[in-house]
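*Asks:*
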Amino acid sequence: MIGVFDSGHGGLTIFRALVKRFPNLAVVYLGDHANIPYGDRPSDDIVALTRKGVDTLFRHGCKLALLGCNTASCIAARTLQQGWLPVSGWPGRNVLGIVAPTVEAATQTPWAVTTPQYPQKYNTDTIAVFGTTRTVASHAYPEEIRKRCPKVMVVQQTCLDLVAAIERGASEGAIDELVKRGVDALLAQTGGTPPHRAILGCTHYPLVEALFRRHLPAFTRLLSQPQVVADSLEDYLQRHPRYADGGASGTVPPPLLLTTGDPSVVNATARIFWPQAPEFRNLPL
Numbered sequence: 181m182i183g184v185f186d187s188g189h190g191g192l193t194i195f196r197a198l199v200k201r202f203p204n205l206a207v208v209y210l211g212d213h214a215n216i217p218y219g220d221r222p223s224d225d226i227v228a229l230t231r232k233g234v235d236t237l238f239r240h241g242c243k244l245a246l247l248g249c250n251t252a253s254c255i256a257a258r259t260l261q262q263g264w265l266p267v268s269g270w271p272g273r274n275v276l277g278i279v280a281p282t283v284e285a286a287t288q289t290p291w292a293v294t295t296p297q298y299p300q301k302y303n304t305d306t307i308a309v310f311g312t313t314r315t316v317a318s319h320a321y322p323e324e325i326r327k328r329c330p331k332v333m334v335v336q337q338t339c340l341d342l343v344a345a346i347e348r349g350a351s352e353g354a355i356d357e358l359v360k361r362g363v364d365a366l367l368a369q370t371g372g373t374p375p376h377r378a379i380l381g382c383t384h385y386p387l388v389e390a391l392f393r394r395h396l397p398a399f400t401r402l403l404s405q406p407q408v409v410a411d412s413l414e415d416y417l418q419r420h421p422r423y424a425d426g427g428a429s430g431t432v433p434p435p436l437l438l439t440t441g442d443p444s445v446v447n448a449t450a451r452i453f454w455p456q457a458p459e460f461r462n463l464p465l
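Counted the way the numbering used here counts, the sequence shown spans residues 181 to 465.
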């Protein structure tokens, strides 16, 4: 069983892509809706809550936990992988984030390669990162991109109020205006020069990818995380087949959605992200 952990609803865009890509795998989603938002919390709190979430997924039978949240991936992934997992009492388990595959796609460089290699060390493209305030403030994307492509210009831009507008089901016109403001603010940083690639660095943003496409030129390649993460996980499972043997018996349970919050409230918003989503069940951390 593979688990996806997120602070709330955004990771459903990742989870939905994995359900479609891996129909023969048992998958479970855990949203920590009781403790959202994570973005306003100190880093230590984010690490502790993410650790509890991953531990809960392991206790539920998951062998592999994916942090389907940019904030958790930026703040907690490395600490859990290097500091907690070896002493967690969960041998044979692993934790993955979504920053690594996104950086790989943006730089065309494997995550394991942390020094500039030819030809990427001479790459002078501009890469945009659209994200929430906490993701942008972590500087995780610029730091990891520049390790591999030191000459690339990385420009970050928060899209204020966009997550809230998506979750409350705001009109397309209202959401389009917020996307346009974010794109215009980013272009103001580059002197009007559009980026070669744009990372949609929030798992809510794939729902409005078409609006980002509307306000960026055709040559700007959009990196939307559900597709990027699904591609990366497919490669990972090919290299680590022990995490993908759950469907060998031919009896794969349906996707399971768990929440630390009130399922009746969570389900209503979940329909925005996945109209056919199964009902959430409550499972406290």
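Note that CB positions come from ideal geometry on N, CA and C, so glycine has one too.
For Asp186, report the span of its alpha helix (DSSP H) as first-last.
*Replies:* No alpha helix (DSSP H) holds Asp186; the beta strand (DSSP E) holding it covers Ile182 to Asp186.
*Asks:* Can you give the Cα-Cα distance for Ala378 and Phe392, rounded to whole angstroms?
*Replies:* Rounded to the nearest angstrom, the two C-alpha atoms are 9 Å apart.
*Asks:* From what residue to what residue does the beta strand (DSSP E) around Tyr385 run?
*Replies:* Per DSSP, Tyr385 belongs to no beta strand (DSSP E) and is neither H nor E.
*Asks:* Since Gly211 sits in a beta bridge, which residues does DSSP pair it with?
*Replies:* According to DSSP, Gly211 bridges with Asp186 and Thr439.
*Asks:* With a threshold of 7 Å on Cβ separation, who are the neighbours of Thr259 within its own chain once the five nearest residues in sequence on each side are excluded?
*Replies:* Val227
*Asks:* Start and end of the alpha helix (DSSP H) containing Gln418?
*Replies:* Note, Gln418: alpha helix (DSSP H), Gln405 to Arg419.
*Asks:* Counting only C-beta atoms, is Thr193 closer than 7 Å to chain B at any point?
*Replies:* Absent from the structure is chain B; it holds one protein chain and no more.
*Asks:* Using 8 Å as the threshold, is the segment 183-193 in touch with the segment 207-221, meaning 3 or more CB pairs across them?
*Replies:* yes
*Asks:* With a CB to CB cut of under 7 Å and the five nearest residues on each side skipped, what residues in its chain are close to Gly248?
*Replies:* Closer than 7 Å at the Cβ level, and outside the excluded window around Gly248, lie Val184, Phe185, Asp186, Gly191, Ile194, Phe195, Ile278 and Thr383.
*Asks:* Shortest alpha-carbon distance to Ile307 belongs to which of Arg326, Val293, Ala292 and Ser318?
*Replies:* Arg326
*Asks:* Enumerate in chain order the residues of its own chain whose CB-to-CB distance from Gly427 is below 6 Å, with the five nearest sequence positions on each side excluded.
*Replies:* Bear in mind that the predicted position of Gly427 carries a pLDDT of just 49, short of 50, making it unreliable; the figure below should be weighed with that in mind. Correct list, in chain order: Asn204 and Leu205.
*Asks:* Within this structure, are the beta carbons of Pro406 and Ala197 separated by less than 7 Å?
*Replies:* yes
*Asks:* Taking C-alpha atoms, which residue in Leu237, Leu244 and Lys200 lies nearest to Tyr416?
*Replies:* Leu244
*Asks:* Just to confirm, is the Cβ distance from Pro281 to Val408 under 7 Å?
*Replies:* yes
*Asks:* For the candidate residues Asp356, Val335 and Val309, whose alpha-carbon lies nearest to that of Leu380?
*Replies:* Val309
*Asks:* Hey, how far is the Cα of Val446 from the Cα of Glu414?
*Replies:* 29 Å
*Asks:* Thr400 and Pro374 - do their beta-carbons sit closer together than 7 Å?
*Replies:* yes
*Asks:* Determine the extent of the alpha helix (DSSP H) in which Phe195 is found, giving its start and end residues.
*Replies:* Leu192 to Arg201
*Asks:* Going along the chain, which residues of its own chain have a beta-carbon closer than 8 Å to the beta-carbon of Arg361, five neighbours each way excluded?
*Replies:* Cys339 and Leu340
*Asks:* Measure the CB-CB distance between Gln336 and Val359 and report whether it falls below 7 Å.
*Replies:* In this structure, Val359 does not lie closer than 7 Å to Gln336 by Cβ.
*Asks:* Does DSSP put Asn447 in a helix, in a strand, or in coil?
*Replies:* In the displayed model, Asn447 falls within a helix according to three-state DSSP.
*Asks:* Can the beta-carbon of Arg231 be found closer than 7 Å to that of Trp270?
*Replies:* Between Arg231 and Trp270, the C-beta spacing is not below 7 Å.
*Asks:* Quick one, are the C-beta atoms of Asn250 and Leu229 less than 7 Å apart?
*Replies:* no
*Asks:* Do Thr449 and Glu347 have their C-beta atoms closer together than 7 Å?
*Replies:* yes
*Asks:* Look at the alpha carbon of Asp364 and the alpha carbon of Glu357, and state the distance between them as a whole number of angstroms.
*Replies:* 10 Å
*Asks:* Which same chain residues, not among the five before or five after Val334, have their C-beta less than 7 Å away from its C-beta?
*Replies:* The answer, listed in chain order, is Ile307, Val309, Tyr321, Pro322, Ile325 and Arg326.
*Asks:* Would you list the one or two residues that DSSP bridges to Gln337?
*Replies:* Phe310
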